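Participant: Before I ask anything, here is the structure I am working with.
Residue numbers (this note's numbering), protein chains in the order written: chain H, 1 to 97; chain L, 98 to 732.
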């Protein structure tokens with residue numbers, strides 16, 4: 001049964017690694033989604049495990065809110081692209097000492 | 098009557114508030130009249146109390162105003178002690194104070210700060226009244242400090258002159274030393290008696306403290322209180338501020354020396370006489386301090402050439418006499434001398450003020466002379482005061498000095514000798530000053546000679562009133578050899594729990610012989626002075642090099658100021674400059690700077706982490722999460 005937990009851990013780590021490693025903001029976004037959904041999957045799994053449906057209801061809510069949130073993130077991303085002409089994260093380094 | 102008692106200190110306080118708050122809006126000519134009016138109001142109330150006291154109807158009462166401090170067991174009320182002693186002092190303070198106010202109206206009329214001057218004067222009278230009227234040591238202490246503050250303000254009244262400021266600071270600091278003693282004594286009293294109230298402490302003093310077993314505690318209390326009195330009443334070693342206090346306007350000197358301030362120490366000891374009577378050791382010390390002050394100050398007075406300086410040292414010397422009396426257990430004799438001294442010393446100072454006024458500010462007696470004809474009223478009143486201070490019968494000084502000398506002879510003939518010696522010195526310097534000022538030829542400039550004039554009525558009338566009291570005030574206590582039962586004053590004071598002096602063991606003839614011997618000596622000194630300064634026209638040397646060794650010692654005040662300067666002021670100055678240049682700059686400053694530098698350097702280094710690179714931040718975040726998880730789950 002702990003296969004699900006292992007799967008979720010792998011997915012989460014992949015997401016985290018993607019956030020750290022990739023330079024493309026779009027890909028970073030996708031990696032964040034991956035992390036989020038790994039956690040969602042874990043919730044669903046625990047919901048089945050405890051025979052309690054509220055975990056799955058919770059996941060639906062999270063997905064709905066995340067979708068709205070992603071829209072804002074993508075809008076900001078579009079603005080960045082219009083401004084800089086690129087979506088490489090290395091170009092966003094002006095806020096430093 | 099009692100319901101108006103609060104007005105006595107309230108009126109001068111009101112005057113002070115009015116004058117200081119509306120300083121700019123009041124015409125200068127009015128302020129003196131407002132201030133004098135306030136004091137006159139207080140004086141009239143005091144006068145009705147005094148009538149009551151003289152007729153013997155004033156029982157010692159405590160008039161409470163309000164609760165001041167209530168904390169735990171400590172209950173302090175602002176209340177007034179009314180008995181024969183405090184009413185007596187209140188009469189002197191407001192009476193002589195009123196005359197000095199009136200005199201000041203004329204003396205200070207063209208000074209730019211006249212309103213400020215009168216507001217301080219009112220505050221001074223207020224503080225002194227508070228000191229005398231307080232029914233517990235705390236109220237007394239409040240007045241005690243107020244008097245110190247006012248003396249500072251008035252001595253440094255002409256604050257543009259740095260010397261005057263220094264004199265003011267000196268007075269304040271010297272007084273503070275004494276005040277610390279008073280404060281400690283007061284706290285020790287609370288520690289022993291659990292109260293500050295006179296009405297609680299004195300009746301049961303001998304029950305709570307057994308004088309035989311606890312003489313140490315009593316000695317400490319009385320000695321600490323006496324240190325306070327030393328500061329206020331200018332005794333060795335804290336007397337040096339009083340001669341310097343001449344920096345203030347002359348009426349202020351009269352106020353400080355006669356009616357207020359310096360009598361505070363005498364009052365306080367007379368008030369606490371129950372405690373002092375239980376501590377014979379302290380009384381001995383008081384006697385010796387008083388005697389040595391009387392003689393030392395008189396010796397210094399012999400060669401001074403500033404008219405006010407001579408008077409200042411004479412005050413110190415006369416205060417020594419008062420403490421001499423107290424040290425011999427003669428509280429009523431001490432208070433008696435305070436009374437007569439208040440009149441003749443106020444008269445002398447105001448007379449000196451009149452002379453200085455006529456001379457256009459000149460204070461050096463070497464430049465005066467022959468003022469007798471130009472200033473007749475001043476001369477006559479000054480002469481009366483000089484005769485009184487020298488102790489010529491039937492003027493007041495004779496009776497009060499004789500009372501002290503009789504006490505001294507009873508204790509020990511040698512003590513009588515010392516007293517007479519101090520009295521002779523007093524006679525010498527007073528007559529030296531009188532002759533140099535009023536007799537002989539005028540030695541000032543032509544310009545000054547042209548301007549010599551008698552002072553206006555506002556100044557001469559107070560002189561005449563004071564002269565009247567100088568003549569008559571001695572008759573309140575006539576030695577019993579002259580009039581049986583003439584000792585009215587000590588019986589009057591007995592109504593305020595001041596022990597009657599023990600019945601004199603001296604036979605009438607001994608006492609008369611003593612008087613005649615003292616009187617004969619005084620008169621021969623007067624004659625000798627006359628020969629030296631009038632017949633032979635000897636002048637004090639105009640520069641120091643012409644003085645003989647002893648004269649130079651006296652002229653330079655026995656170098657006491659220099660010794661204090663060397664022993665106390667200089668070392669403290671050196672310590673302070675060491676503290677400021679080494680401890681402050683080298684140690685404390687460096688420590689503070691070091692911590693500042695550390696923060697600065699570490700900040701400069703650590704801020705480099707903020708690189709602006711989102712990935713780096715993310716890595717730190719993930720690493721942080723991993724560490725937290727590791728700590729929580731594994732450890």
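Even for Gly, the Cβ is constructed at its ideal location relative to N, Cα and C. Quantities reported herein were computed from a predicted structural model and do not represent experimental measurements.
#1: Count the other CB atoms within 10 Å of the CB of residue 6 of chain H; is the residue buried (16 or more) or exposed (fewer)?
#2: From L:348, L:503, L:375, L:627, pick the residue whose C-alpha is nearest to that of residue 421 of chain L; which is it?
#3: Measuring CB atoms only, is the stretch 582-597 of chain L touching the stretch 347-364 of chain L, in the sense that at least three cross pairs come out at less than 8 Å?
#4: If we cut at 8 Å on Cβ distances, does residue 89 of chain H have a partner in chain L?
#5: For residue 165 of chain L, name the three-state secondary structure that DSSP assigns.
#6: Checking 8 Å against the spacing of the C-beta atoms, do residue 648 of chain L and residue 400 of chain L come in under that value?
#7: On the premise that residue 183 of chain L lies in contact with residue 244 of chain L, defined as a C-beta separation below 8 Å, what is that separation, rounded to the nearest angstrom?
#8: Tell me the rounded alpha-carbon separation between residue 604 of chain L and residue 337 of chain L.
#9: Output, in chain order, the set of chain H residues within a Cβ distance shorter than 8 Å of residue 708 of chain L.
#10: Does residue 705 of chain L get closer than 8 Å to chain H when you measure Cβ to Cβ?
#11: If residue 359 of chain L and residue 331 of chain L are in contact, beta carbons under 8 Å, what's the gap, nearest whole angstrom?
#12: Taking C-beta pairs closer than 7 Å, name the residues in chain L that residue 6 of chain H reaches, listed in chain order.
#13: Within the chosen definition, does the stretch 197-205 of chain L reach the stretch 548-557 of chain L through at least 3 CB pairs nearer than 8 Å?
#14: Taking 8 Å as the threshold, find out whether the stretch 154-164 of chain L comes into contact with the stretch 129-141 of chain L through three or more Cβ pairs.
#15: List, in chain order, every chain L residue whose beta-carbon is nearer than 7 Å to that of residue 19 of chain H.
#16: How many Å lie between residue 369 of chain L and residue 581 of chain L at the Cα?
#17: Would you kindly report the start and end of the unbroken beta strand (DSSP E) that includes residue 634 of chain L?
#18: For the candidate residues L:565, L:508, L:329, L:439, whose alpha-carbon lies nearest to that of residue 187 of chain L?
#19: Between residue 172 of chain L and residue 291 of chain L, what straight-line distance do the alpha-carbon atoms span, to the nearest angstrom?
#20: How about residue 719 of chain L: is its C-beta nearer than 8 Å to some C-beta of chain H?
#21: Got a sec: is the Cβ-Cβ distance from residue 712 of chain L to anything in chain H below 8 Å?
#22: Quick check: residue 282 of chain L and residue 240 of chain L, are their CB atoms within less than 8 Å of each other?
#23: Measure the alpha-carbon distance for residue 730 of chain L versus residue 92 of chain H and round it to whole angstroms.
#24: Leaving aside the five residues before and after residue 380 of chain L along the sequence, list all residues of the same chain whose C-beta is less than 7 Å from its C-beta, in chain order.
#25: How far does the beta strand (DSSP E) with residue 178 of chain L in it extend, from its first residue to its last?
#26: Does the beta carbon of residue 16 of chain H come closer than 8 Å to any beta carbon on chain L?
#27: Residue 491 of chain L: buried (16+ other C-beta within 10 angstroms of its C-beta) or exposed?
#28: Put residue 158 of chain L into one of helix, strand or coil per three-state DSSP.
#29: I need the straight-line Cα distance from residue 190 of chain L to residue 289 of chain L, nearest angstrom please.
#30: Would you mind listing the alpha helix (DSSP H) stretches within the stretch 3-49 of chain H that are 4+ residues and don't spill past its ends, in chain order?
#31: In the DSSP assignment, what residue or residues form a beta bridge with residue 294 of chain L?
#32: Report the CB separation of residue 455 of chain L from residue 351 of chain L in whole angstroms; it is logged as a contact under 8 Å.
#33: Please list, in chain order, all residues of the same chain as residue 528 of chain L whose beta carbon is under 6 Å from its beta carbon, the five residues on each side excluded.
Facilitator: Taking the structure as given:
#1: Exposed, because fewer than 16 other Cβ atoms sit within 10 Å of the Cβ of residue 6 of chain H.
#2: Selected option, being the one with the closest Cα: L:503.
#3: Fewer than three beta-carbon pairs drawn from the stretch 582-597 of chain L and the stretch 347-364 of chain L are found closer than 8 Å, and the two stretches are therefore not classed as touching.
#4: Using a CB distance cut-off of 8 Å, residue 89 of chain H counts as an interface residue toward chain L.
#5: Residue state, collapsed to three classes: strand.
#6: Yes, the Cβ-Cβ distance between residue 648 of chain L and residue 400 of chain L is below 8 Å.
#7: Your pair residue 244 of chain L and residue 183 of chain L does not check out as a contact, with CB atoms roughly 15 Å apart and the cut at 8 Å.
#8: If you take the alpha carbons of residue 604 of chain L and residue 337 of chain L, they lie about 40 Å apart.
#9: What residue 708 of chain L touches in chain H: 93, 96, 97.
#10: Judged by the 8 Å Cβ criterion, residue 705 of chain L is in contact with chain H.
#11: The distance from the Cβ of residue 359 of chain L to that of residue 331 of chain L is about 6 Å, consistent with a contact at the 8 Å cut-off.
#12: At a beta-carbon threshold of 7 Å, none of the residues of chain L lie near residue 6 of chain H; the nearest stands roughly 16 Å away.
#13: Yes, the stretch 197-205 of chain L is in contact with the stretch 548-557 of chain L.
#14: Result no; under three Cβ-Cβ pairs closer than 8 Å.
#15: In chain order: 715.
#16: Using only the alpha carbons, I get a separation of about 30 Å.
#17: First-last for residue 634 of chain L: undefined, no H or E at that position.
#18: Closest in alpha carbon position to residue 187 of chain L, among L:565, L:508, L:329, L:439, is L:439.
#19: When only Cα atoms are considered, residue 172 of chain L and residue 291 of chain L end up about 10 Å apart.
#20: Interface annotation, residue 719 of chain L: in contact with chain H, CB-CB separation under 8 Å.
#21: Yes - at least one Cβ of chain H is within 8 Å of the one on residue 712 of chain L.
#22: The Cβ-Cβ distance between residue 282 of chain L and residue 240 of chain L does not fall below 8 Å.
#23: The C-alpha of residue 92 of chain H is placed about 36 Å away from the C-alpha of residue 730 of chain L.
#24: Result list for residue 380 of chain L: 373, 424, 426, in chain order.
#25: From DSSP, the beta strand (DSSP E) with residue 178 of chain L extends over 171-179.
#26: With 8 Å as the cut-off, residue 16 of chain H counts as an interface residue toward chain L.
#27: By the beta-carbon neighbour count (other beta carbons within 10 angstroms, threshold 16), residue 491 of chain L is exposed.
#28: Strand, per DSSP.
#29: The alpha-carbon separation between residue 190 of chain L and residue 289 of chain L amounts to approximately 32 Å.
#30: Correct list: 3-21, 25-49.
#31: Residue 294 of chain L is bridged by DSSP to L:233.
#32: The C-beta distance from residue 455 of chain L to residue 351 of chain L rounds to 17 Å, too long to meet the 8 Å contact threshold.
#33: If the five residues before and after residue 528 of chain L are omitted, its C-beta is found closer than 6 Å to the C-beta atoms of 623, 626, all from its own chain and listed in chain order.
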